[in-house]
Every structure is written in C-alpha cells, then in structure tokens.
Amino acid sequence: MNEIIKEIEQAQLKEKVDSFRVGDTVKVHGKIKEGNRERIQIFEGTVMKIQGGSNRKTFTVRKISNGVGVEKTWPLHSPNVEKVEVVRSGKVRRAKLNYLRNRVGKKAKVKELVK
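FYI, my numbering numbers position 97 of the sequence shown as 652, with every residue one higher than the one before it.
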C-alpha cells in the first residue's frame, strides 16, 4: 500500500481500543447528534462479527427489540463510538454468527464463557 495512505490511516487510529470478541454481549456507547445537541445512546447486544483491519475495522452487534432483530455495524475507530463495554463473554466456535438470525428466544442465546 502507498506510504501516504498508511500515514493517514495511522493518524485515524484510536490510542485505546476496548477488547472484545465475537459472541460477547456488549454495550456500545454511541454519540448521537440531534440538531446542535449531542448525547450518548447505549446499544446492547451480541457481537455477530468483527471484520476488516487497521482503521477500517468494524463490528456488528445484534439485539432483539420488540420481537424484531436489529443489527448495527459500528466502525471500531470512529469518534462516534465512545466506548464498548463487555457485559458478558460468550463461548462460540465461529468467527461470524450469522446463524443467530434464524433463531428466536432461548435458541438465540450464546453460552457464557466461564473463566
């Protein structure tokens, strides 16, 4: 890759990145702008996948809201992501948990990783 592009991407990286894995239940504190005001809204769900690298790294979080599945993809190094808080660790054997989309109720749960 071009050296100029590498320098620009390096400048966009966050210094401190929260560590989490696929299958973890997380709370994503996202900044939302409404007019001239800014507030933080929490989105809690299961991490479905982590993809990309460098400053393009993204993660997808899925939750069930009023019986409807909602997925949001967040850029990891975005200034709109305040912090990612791990609520509980999940025990999974997959890198992408797309099979959770077809499941409802208790079947859609991920086992907890006990340390």
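Virtual Cβ for every residue (Gly too), placed ideally from N, Cα, C.
Supposed close pair residue i, residue j - CB separation, criterion 8 Å
| i | j | result |
| --- | --- | --- |
| Gly660 | Gly578 | No, Gly660 and Gly578 are not in contact; Cβ-Cβ is about 18 Å, not under 8 Å. |
| Val647 | Val636 | Incorrect: roughly 22 Å between the Cβ atoms, too far for contact. |
Collapsed DSSP secondary structure at residue i in the structure displayed
| i | result |
| --- | --- |
| Gly608 | coil |
| Arg516 | Past the boundaries of the shown model lies residue 516; the chain is included only from 556 to 670, so the question cannot be answered. |
| Lys561 | helix |
| Gly600 | strand |
| Phe660 | The question names Phe, but residue 660 in the sequence shown is Gly. Three-state result, Gly660: helix. |
Between the CA atoms of residue j and residue i - distance to the nearest angstrom
| i | j | result |
| --- | --- | --- |
| Val583 | Val669 | 22 Å |
| Arg656 | Gly600 | 13 Å |
| Gly624 | Val616 | 10 Å |
| Arg643 | Glu558 | 40 Å |
| Arg576 | Val639 | 11 Å |
| Glu667 | Ile619 | 18 Å |
Residue i CB to nearest heavy atom of the ligand HEM below 6 Å
| i | result |
| --- | --- |
| Arg648 | The model depicted lacks the ligand HEM and carries no ligand whatsoever. |
Residue i versus the options, residue with shortest Cα-Cα distance
| i | options | result |
| --- | --- | --- |
| Gln565 | His632, Gly590, Arg658 | His632 |
| Phe614 | Ile587, Asn621, Lys586, Val581 | Val581 |
| Pro634 | Arg592, Gln596, Leu568, Ile563 | Leu568 |
| Leu652 | Ser620, Gly622, Lys604, Trp629 | Lys604 |
| Ile563 | Ser609, Gly590, Val602, Arg658 | Ser609 |
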